[in-house]
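The opening position of the sequence shown corresponds to residue 1 in the UniProt record's numbering, with each subsequent residue numbered one higher.
Yeah, the Cβ is synthetic: ideal placement off N, Cα and C, and Gly gets one too.
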Amino acid sequence: MAFALERSRQMAEQSDTEKNNQPQDDFPAYDAEAIETKWQHIWDEEGLYKTEEDPARPKKYVLEMFPYPSGDLHMGHARNYTIGDAMARQARMRGYDVLHPMGFDAFGLPAENAAIKHNTQPSVWTHKNIDQAVKTMFRMGFAYDKDRMFNTCDPEYYKWGQWIFLKMYEKGLVYRATSPVNWCPNDKTVLANEQVVNGRCWRCGAVPEKRELSQWYLRITDYAQELLDDLNQLDGWPERVKAMQANWIGRSEGAEIDFVLADVDGVTPTDTKITVFTTRADTIYGCTFMLLPPESSLAAELVADTEYEAAFTDLKEAATKVTSIERQGTDREKHGVFTGRYALNPVTGESVPIWVSDYVLLDYGTGAVMGVPAGDKRDFDFAKKYDLPIVPIICEEGTDIYDELKGVQERRMTSVDWDGPMDTTGILVQSGEFTGLRGGKHSEAEKAVVAFLTKHSVGRRTVQFRLRDWLISRQRYWGNPIPMIHCDHCGDVPVPYDELPVKLPDDLDLSAGDTLAECKEFYETICPTCGRPAHRITDTMDTFTCSSWYYLRYCDPHNEELPFSKESVDRWMPVDNYIGGIEHAILHLLYSRFFTKVLRDLGMIGIDEPFKNLLTQGMVKDEHGDTMSKSKGNVVPPSSVIEPYGADTMRLAILFVAPPEKDFDWDEKAVAGANRFIKRAWRIVWELTKTADASATLDPTTLDAASAALNRELHALGLRCTHEFDEGQFNTAISAIMELINAVSSYLNDVAESERSQALCYRVASDIVAMLAPIIPHWAEELQHTALHKETPVYHEPWPIFDEAQAKSNTIEIAVQIKGKVRARIMVDADASEDELSHAAQQAVAQQLEGREIRKVIVVPGRLVNIVA
């Protein structure tokens, strides 16, 4: 690289103002704007951050979750990217080949809505925001490989998203189905279950409705067990995130039980089975009713043309306006409608009424529930409200109910009044041959009942998951088109690979309400199978499909034959350090894990998990502790810090104010303090260089006391800084450097220039610059070339090596005790023998020992001497 020549040219072009700032201390004043502008230009010209491919070096893939280009970057982005940038820079100094890319998650509703609002095209609005975001990123000094930057709305990228979709289709992981879906009335599109957060749309906060639509799904449930099991591989992930994913996948071991629909007489069995899933098969003797959800087609069939139909219709309509979470709430009033029909309990043979209730969900379990009011709070409340039987079947020994019912073999009502359901564990009563067994999940009673059901072919052991297949259809324009064609003769047919990408039209008038579904130029096509006129699918894919594999494309971004080569992925994956917000714990991270496993099974990659280590950085809040948001008007833009102080001050403040995983309140005083430290460190480095000599040999054995003490501080604090960097704890790494700056300041104040060690001064100055380089790179680059006169860019400077032996002091302090009480503290040689320590200790407390007999001396090397006298 031509860094030396470029540096000389730049120095020759220094402004008169900068030159006038130099003389009195014989070094230039710190001018953040001039320094940062200069080096950003040089780094860009030299292509400094282009990814290197050296098989002799280990790899390090550092990646921050890429942003949605909804406008310029905010302080939350700045924190995320500064953390990743510090990791990447330090890894390069530690000898790694570093992949540190960046791009934009560019499809999505905000761009479409903004385009409608401003009467423009989403692509125009999106690329304008991307251009601004890129400028801000590089103004902050982030070491991204520009050559690997892409946007998910580029046809060169989303072509391969369509290609992967077709591979999944061939593998049987894509299907189309008509089912109730979550419809966002505000965004006018469907939402996957994972995108309904706390009962609201994850993006806009609207309460979704239920609608019956034909949609496209990915079979993520085929990987449910593996997604759950492989969480155990993720030692570098926060336990909180793994728990969130495990809970969302929601594995439940239980049994399916077949109830039989009775004829209209309520007694004669029909051929129709109603299967329920339960984790508590042992409570089946307490089942006094069955429940179906309002969306159930069977329920609609049962009430058709009956006196119950009108009430059922009202209930179904009301249920569409309530979220799934609210419907399942234990405290919410339950609403139900009797169907007029009965089912037969497979164990007792008794008829139980079939009801419809809004607290039952179609997509949970089998979509049918056996009502056991004695063991479930919601069933109990429902039974109380509609005067349905409540049969005690489980209770603890020694209770009045148990004493009354322990010998009863036939199910009957008890005279005991309850305020609520019984305990869910205890001894079974009124449960036929199972009476007397202890019940509960995985209990002896549960196992015995399931064995009975299996033997009589009316039930079976099974596993259910809360996770549902991923609904990817979206009824909006600005997304990746689903590459499928519907032909009235051939059905759904995939678009041929050689016709990819299916491109979005760029002339829709969205402000006039134009949609893909109305764009004949887009949807009119020819069936690739039979050649007849056909209709292109006008749904676009959920944007999370774009972000579920982008980290793989970064490994090989210019591949025109495949989404990426296996060789490139084998070189770089998995991502070593992935940084992003906790809000992506379920959506993005779960989908990315799914995509990785599918691509592995397609033979395209050789890994099971995409992200080795995950850091969920804390949020940046305003000075009042409120979350920053545009709607609140409390967003702090990076420019508000960069303009008065410089990007390095912003970076230092972000990394120093709190550990990366913790939230923090934005504080202008912290910013000013960071700037003062940068200026102080600047002066210290220049002061050290007055007597520094790069050619002098540093021999620690020849240093005088003051220099030896500084050398010990350098190695001790350097080791601490290195360790904290390795742990990702930048705030404590910076603290170690600050302590070193303090030690250097004392040395410079106490030791005359003529008596300072020239070799030590150069070593300390060089190491300070190197350790701060990942954090404040512009500052470090300037000092690297002007103060230290090095030609190597600081990005390529090796991380300093620190010596534990040199970090140890030659003398240590030990306590001297007499009969366990400290009587003195003495300084001794660190390698003093036990005899020497004993002698020194006795000398130190000679007066207290006068006239006393020493019976025993206990020496604990490095800590204390205890004299028993």
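- Message: Are the CB atoms of Thr462 and Gly250 within a distance shorter than 8 Å?
- Response: By 1-based counting over the sequence shown, the position of residue 250 is 250. By 1-based counting over the sequence shown, the position of residue 462 is 462. Contact: no.
- Task: Within its chain, find whatever has a CB closer than 7 Å to the CB of Tyr308; leave out the 5 residues flanking it on each side and keep chain order.
- Result: On the sequence shown, position 308 is the one that residue 308 refers to. Excluding positions up to five away in sequence, the list reads Val337, Phe338, Thr339, Gly340.
- Please look up how many angstroms separate the CB atoms of Tyr96 and Lys60, rounded, as I've assumed it's under 8 Å. Translated into positions along the sequence shown, residue 96 becomes position 96. Translated into positions along the sequence shown, residue 60 becomes position 60. The pair is a contact, with the Cβ atoms about 4 Å apart (cut-off 8 Å).
- Looking at C-alpha atoms only, which residue of Arg474, Ile642, Ala770 is the closest neighbour of Pro185? Your numbering for residue 185 matches position 185 in the sequence shown. For the residues Arg474, Ile642, Ala770, the minimum Cα distance to Pro185 belongs to Arg474.
- Message: Suppose only complete runs of 3+ residues qualify. What are the beta strand (DSSP E) ranges in the segment 194 to 255, listed by chain order?
- Response: Counting whole runs of 3 or more residues, the segment 194 to 255 contains the beta strand (DSSP E) stretches 209 to 218.
- Query: In its own chain, which residues sit with a C-beta less than 6 Å from the C-beta of Arg852, not counting the 5 before and 5 after it?
  - Reply: Residue numbering aside, residue 852 sits at position 852 when the sequence shown is read from its first letter. The beta carbon of Arg852 sits closer than 6 Å to the beta carbons of Ala869 from its chain, once the five residues preceding and following it are set aside; these are given in chain order.
- Please determine, among Lys520, Ile83, Trp125, Lys856, the residue with the shortest C-alpha to C-alpha distance to Gly820. Along the sequence shown, one-based indexing puts residue 820 at 820. Per the Cα distances, Lys856.
- Message: Classify Pro122: buried if its beta carbon has 16 or more other beta carbons within 10 angstroms, exposed otherwise.
- Response: On the sequence shown, residue 122 is found 122 positions in, with the first residue counted as 1. Residue environment: Pro122 is assigned as buried (16 or more neighbouring CB atoms within 10 Å of its CB, all protein chains considered).
- The beta strand (DSSP E) with Arg536 in it runs from where to where? Position 536 of the sequence shown holds residue 536. Counting along the chain, the beta strand (DSSP E) containing Arg536 begins and ends at 533 to 536.
- Could you give the uninterrupted runs of the alpha helix (DSSP H) lying entirely in the segment 120 to 193, keeping only those of 4 residues or more? Entirely contained in the segment 120 to 193, the alpha helix (DSSP H) runs reaching 4 residues are, in chain order, 122 to 139, 155 to 170.
- Return the Cβ separation of Leu261 and Ala343 in integer angstroms, given the expectation that the two are a contact with Cβ distance under 8 Å. As a working mapping, residue 261 is identified with position 261 in the sequence shown. As a working mapping, residue 343 is identified with position 343 in the sequence shown. Yes, Leu261 and Ala343 are in contact; Cβ-Cβ is about 6 Å, under 8 Å.
- Item | Extent of the continuous alpha helix (DSSP H) run through Phe595 | Here the question's residue 595 lines up with position 595 in the sequence shown. Looking at the DSSP string, the run of the alpha helix (DSSP H) that includes Phe595 is 587 to 601.
- Query: Can you tell which of Phe452, Leu587, Ser511, Met65 has its C-alpha closest to the C-alpha of Asn247?
  - Reply: If you number the sequence shown from 1, residue 247 lands on position 247. Nearest option by C-alpha distance: Leu587.
- Item | Per-residue DSSP class, three states only, for Gln24 | Here residue 24 refers to the residue found at position 24 of the sequence shown. Low per-residue confidence applies at Gln24: pLDDT is 49, beneath 50, and the placement is therefore not dependable enough to give any value.
- Query: So, are the CB atoms of Val356 and Pro294 less than 8 Å apart?
  - Reply: As a working mapping, residue 356 is identified with position 356 in the sequence shown. As a working mapping, residue 294 is identified with position 294 in the sequence shown. Judged by their CB atoms, Val356 and Pro294 are nearer to each other than the 8 Å cut-off.
- Item | Terminal residues of the alpha helix (DSSP H) in which Arg79 lies | Position 79 of the sequence shown, counting from 1, holds the residue named residue 79. Unbroken alpha helix (DSSP H) run through Arg79: 75 to 93.
- Message: With H, G and I counted as helix, E and B as strand and the rest as coil, what does DSSP make of Met771?
- Response: Along the sequence shown, read from residue 1 onward, the residue named residue 771 stands at position 771. In the structure shown, the three-state DSSP call for Met771 is helix.
- Query: Does the distance from the CB of Met827 to the CB of Glu836 come in under 8 Å?
  - Reply: Within the sequence shown, the letter at position 827 stands for residue 827. Within the sequence shown, the letter at position 836 stands for residue 836. Pairing Met827 with Glu836 gives a Cβ-Cβ distance that is not under 8 Å.
- Quick one: grab the DSSP three-state call for Ala815. For the purposes of this step, residue 815 is identified with residue 815 of the sequence shown, where counting begins at 1. Looking at Ala815 - three-state DSSP - the assignment turns out to be strand.
- Message: Can you list, in chain order, the residues of its chain with a C-beta nearer than 7 Å to that of Pro23? Leave out the 5 residues immediately preceding and following it.
- Response: As a first step, residue 23 is located in the sequence shown; it is residue number 23 there, counting from the start. For Pro23, the predicted model reports a pLDDT of 40, less than 50, meaning its position is unreliable and no value from the coordinates is stated.
- Message: Using C-beta distances below 8 Å, list every residue in its chain close to Arg863, excluding the 5 sequence neighbours before and after it, in chain order.
- Response: For the purposes of this step, residue 863 is identified with residue 863 of the sequence shown, where counting begins at 1. In chain order, Ile814, Ala815 place their CB closer than 8 Å to the CB of Arg863, counting only its own chain and leaving out the 5 sequence neighbours on each side.
- Query: Which residue from Ile775, Ala841, Pro557 puts its Cα closest to that of Gly141?
  - Reply: If you number the sequence shown from 1, residue 141 lands on position 141. Checking every option, the nearest Cα to that of Gly141 belongs to Ile775.
- Determine the closest residue to Phe289 out of Gln162, Thr543, Asp379, with distance taken between C-alpha atoms. The residue labelled residue 289 in the question sits at position 289 within the sequence shown. Answer by Cα proximity: Asp379.
- Separation of Asp54 from Leu500, as counted between CA atoms: Here residue 500 is taken as the residue at index 500 of the sequence shown, counted from 1. Here residue 54 is taken as the residue at index 54 of the sequence shown, counted from 1. Distance between the alpha carbons of Leu500 and Asp54 is about 34 Å.
- Using a Cβ-Cβ cut-off of 7 Å (strictly less than) and excluding sequence neighbours within five positions of Pro659, which residues of its own chain qualify? Locating residue 659 in the sequence shown gives position 659, where the first residue counts as 1. Within the same chain, Cβ atoms closer than 7 Å to the Cβ of Pro659 are found at Gln729, Asn731, the five residues on either side in sequence being excluded.
- Task: Provide the residue span of the beta strand (DSSP E) that contains Asn577, from first to last.
- Result: Translated into the one-based positions of the sequence shown, residue 577 becomes position 577. Looking at the DSSP string, the run of the beta strand (DSSP E) that includes Asn577 is 577 to 580.
- Query: Beta-carbon separation of Ile485 and Pro528 under 8 Å?
  - Reply: Indexing the sequence shown from 1 puts residue 485 at position 485. Indexing the sequence shown from 1 puts residue 528 at position 528. Cβ distance < 8 Å, so Ile485 and Pro528 count as in contact.
- Query: Mind checking whether Arg89 and Ala143 have CB atoms under 8 Å apart?
  - Reply: What you label residue 89 is simply residue 89 of the sequence shown in a count that begins at 1. What you label residue 143 is simply residue 143 of the sequence shown in a count that begins at 1. For the pair Arg89 and Ala143, the CB atoms are nearer than the 8 Å cut-off.
- Between Pro155, Ala670, Ser838, which lies nearest to Trp478 when the distance is taken from Cα to Cα? If you number the sequence shown from 1, residue 478 lands on position 478. Distance from the Cα of Trp478 is smallest, within the candidate group Pro155, Ala670, Ser838, for Pro155.
- Query: Helix, strand or coil: which one does DSSP assign to Thr649?
  - Reply: As a working mapping, residue 649 is identified with position 649 in the sequence shown. Secondary structure at Thr649: helix, using DSSP grouped into helix, strand and coil.
- So Arg536 and Thr525 are in contact, right, with Cβ under 8 Å, and what is the actual spacing, rounded? By 1-based counting over the sequence shown, the position of residue 536 is 536. By 1-based counting over the sequence shown, the position of residue 525 is 525. With 8 Å as the limit, Arg536 and Thr525 qualify as a contact, their Cβ atoms being about 5 Å apart.
- Message: Quick check on this structure: which residue in Val197, Ala34, Glu52, Thr120 has the alpha carbon closest to the alpha carbon of Asp509?
- Response: Your numbering for residue 509 matches position 509 in the sequence shown. When only C-alpha atoms are compared, the closest one is Thr120.
- Item | Backbone CA spacing between Ser297 and Pro180 [nearest angstrom] | Within the sequence shown, numbered from 1, the residue matching residue 297 stands at position 297. Within the sequence shown, numbered from 1, the residue matching residue 180 stands at position 180. Taking the straight line joining both Cα atoms gives about 11 Å.
- Between Leu73 and Pro644, is the Cβ-Cβ spacing less than 8 Å? The residue given as residue 73 occupies position 73 in the sequence shown. The residue given as residue 644 occupies position 644 in the sequence shown. One thing to note: Leu73 has its Cβ no nearer than 8 Å to the Cβ of Pro644.
- Query: Given 8 Å as the limit, is there contact between the segment 273 to 284 and the segment 435 to 454, that is, 3 or more CB pairs closer than that?
  - Reply: Because the criterion of three Cβ pairs below 8 Å is met, the segment 273 to 284 and the segment 435 to 454 touch.
- Alpha carbon to alpha carbon, how far is His584 from Arg240? By one-based count along the sequence shown, residue 584 stands at place 584. By one-based count along the sequence shown, residue 240 stands at place 240. Roughly 12 Å separates the two Cα atoms.
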